[in-house]
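Top to bottom, those sequences are chains A and B.
Position 79 (the first sequence) corresponds to 79 in the working numbering; numbering is contiguous.
Position 8 (the second sequence) corresponds to 8 in the working numbering; numbering is contiguous.
Where a beta carbon is used, it is the ideal one built from N, C-alpha and C, also for glycine.
Below you'll find the structure, written out as C-alpha cells, and then a few comments.
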Amino acid sequence: MRTGPSASVHDAPPTNGSPRSGNRLVRVLPPLGVAALAMAGVVFVGVVDPNEAGHYPTCPFLSLTGYQCPGCGALRTFHALAHGDLGTAFTLNVFVLAMLPVLAFFWVRWTVARARDRPTRTKAGDPRLIWLLFVLVMLFWLVRNLPFGAFLAA
Amino acid sequence: MSNYPPPPPPQGGAGVPQSAPPPNYLVWAIVTTVLCCLPAGIASIVFATQVNSKWQAGDQAGALKASKNAKTWAIVSGVLGIIAIIFAIIVNVAAASA
C-alpha cells in the first residue's frame, strides 16, 4: 500500500548503496582529487630522482631481508615514466606497469559511477581474476629474487 | 481511486540493479602492495576475492563480512605502510649520520 503516491511518482527511484545528493560536479570531486594527488606524486618523483641515494628511504622489506618485494623499483619506474622512458620502466618493475591500466580502469569506473550517481559496481567480478592477480604477485615476488629471474629485479 | 499515473512496476526494470555487491577494496589492496608492499596488502587481495566469491555464491551476509574484513585490512595496511615509511626514514637518517 502506497500512502504517498505523489512522492512515489515524483521522487527519483533510490539507487542502491548510499544515496548521494548534490550536483554532479560535487560528486566527481573525490575522483578528481585522487587523480590530482596521483599526478602530483608522479611529478614529485619525476623531479626528485629516486636513482640518487638519500632522496627516498630504502624499502623496509629490502632493508630487513635483502630480498626485493613486489613493489621494489616502483619509485624508479614512476621516475622513468615521468620522463617518458618506457624501456627503463619495463626493466625496473613490470608489475607496477601492469597495474597502471588496472587502476585506470577502476578510476574510470568510479568516476562514471559518481557522475551518474550510481553504485560503483552492480555485480561482482569473477573472483578467479583476483586469485590470478594474487598468484601473479606471489610469483613475481619469488621469481625476481631468484638467479634466473634477475631480469625482473629492479 | 487515485488520479495519479500508475507507479512504476515494483520489481524494477531491467536497468535497475537488484542490489549492488559490497565493496571489496581491491584498489586499496593493489595500491598498498605496490607502494609499501606488506603482507597486509597481500591479505587485502585475499579478502577481496572472498567478497566476490561469496557474493557470487549468493552468500550476501558472508560477502558483507568479507567486505568489512577487507576494509579493516585496507586500513591496517595503510597505517602499517605509513609506520614502515617513518621507520625506514629513521633508519636511513641514523645510518647516514653514523
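Item to complete: Return the chain-ordered ranges of every alpha helix (DSSP H) run that is complete within the stretch 30–59 of chain B and spans a minimum of 4 residues.
Response: 39–56
Discussion item. The alpha helix (DSSP H) that contains Arg114 of chain A, what's its start and end?
Written reply: 94–116
Worksheet item: Of all Cβ atoms in chain A, is any one closer than 7 Å to the Cβ of Pro21 of chain B?
Response: yes
Worksheet item: What residues of chain B sit near Phe106 of chain A, judged by a beta carbon separation below 9 Å?
Response: Leu26, Val27, Ile30
Worksheet entry | Lys65 of chain B to Arg121 of chain A span [Cα, whole Å] | 18 Å
Worksheet item: Can you find a CB in chain A that lies within less than 7 Å of the CB of Thr72 of chain B?
Response: no
Practice prompt. Determine which residues of the stretch 114–145 of chain A have a Cβ less than 8 Å from any Cβ of chain B, and write them out in chain order.
Written response: Pro119, Thr120, Arg121, Thr122, Lys123, Ala124, Gly125, Asp126, Pro127, Ile130, Trp131, Leu133, Phe134, Val137, Met138
Fill in: Option nearest Pro50 of chain A by Cα separation, candidates A:Leu75, A:Thr111, A:Pro30
A:Leu75
Worksheet item: If you count every other CB in all the chains shown that lies within 10 Å of the CB of Val48 of chain A, and 16 or more means buried, which is it?
Response: exposed
Fill in: Cβ separation of Phe24 of chain B and Val46 of chain B, assumed to be a contact under 8 Å, to the nearest whole Å
Here the sequence assigns Asn to residue 24 of chain B, which means Phe is not the residue at that position. That pair is no contact at about 11 Å.
Practice prompt. Would you list, in chain order, the members of the stretch 35–55 of chain B that have their beta-carbon closer than 9 Å to a beta-carbon of chain A?
Written response: Leu35, Cys36, Cys37, Leu38, Gly41, Ile42, Ile45, Val46, Ala48, Thr49, Gln50, Val51, Asn52, Ser53, Lys54, Trp55
Worksheet item: Counting along the chain, where does the alpha helix (DSSP H) carrying Thr65 of chain A start and finish?
Response: 60–65
Worksheet item: Among B:Pro21, B:Ala40, B:Ala61, which residue has its Cα nearest to the Cα of Thr72 of chain B?
Response: B:Ala40
Practice prompt. Might you give, ordered along the chain, the residues of its own chain that have their beta carbon closer than 6 Å to the beta carbon of Gly73 of chain A, omitting 5 neighbours on each side?
Written response: Leu92, Asn93, Ala154
Worksheet item: Going by alpha carbons, who is nearest to Cys27 of chain A out of A:Phe95, A:Ala115, A:Ala40, A:Leu81?
Response: The identity of residue 27 of chain A in the sequence shown is Arg, whereas the question assumes Cys. Ranking the options by Cα distance to Arg27 of chain A, first place goes to A:Ala115.
Discussion item. Just verifying my parser: in three-state terms, what is the DSSP assignment at Ala98 of chain B?
Written reply: coil
Worksheet item: Taking the C-alpha atoms as reference points, what is the distance between Thr32 of chain B and Ala98 of chain B?
Response: 31 Å
Item to complete: Give a yes or no on whether the C-beta atoms belonging to Ala89 of chain A and Leu97 of chain A are separated by under 7 Å.
Response: yes
Worksheet item: What residues from chain B crowd round Val102 of chain A, counting only those whose CB sits closer than 8 Å?
Response: Ile30
Worksheet item: Val91 of chain B versus chain A: which residues are under 9 Å apart at the beta carbon?
Response: Pro57, Thr58, Pro60, Ser63
Worksheet entry | Beta-carbon proximity list for Asn145 of chain A, same chain, < 8 Å, skipping 5 on both sides | Tyr67, Gln68, Ala153
Worksheet entry | Contact with chain B by Ala12 of chain A, beta-carbon distance below 7 Å | Summary for Ala12 of chain A: the model assigns pLDDT 48, below 50, so the residue's position carries little reliability; its value from the coordinates is reported in the next sentence. It does not; no Cβ of chain B falls within 7 Å.
Worksheet item: So which residues on chain A does Ala96 of chain B lean against when the C-beta distance must stay under 8 Å?
Response: Gly54
Discussion item. Tell me the DSSP secondary structure of Arg144 of chain A in three-state form.
Written reply: coil
Fill in: Cα-Cα separation between Trp110 of chain A and Ala20 of chain B, rounded to whole angstroms
14 Å
Practice prompt. Assuming Leu70 of chain A contacts Val137 of chain A (C-beta within less than 8 Å), just tell me the rounded distance between them.
Written response: The sequence given here places Pro at residue 70 of chain A; Leu does not occur at that position. Their Cβ separation, rounded to whole angstroms, is 5 Å, which keeps Pro70 of chain A and Val137 of chain A in contact under 8 Å.
Worksheet item: Per DSSP, what kind of secondary structure is Asn69 of chain B in: helix, strand or coil?
Response: helix
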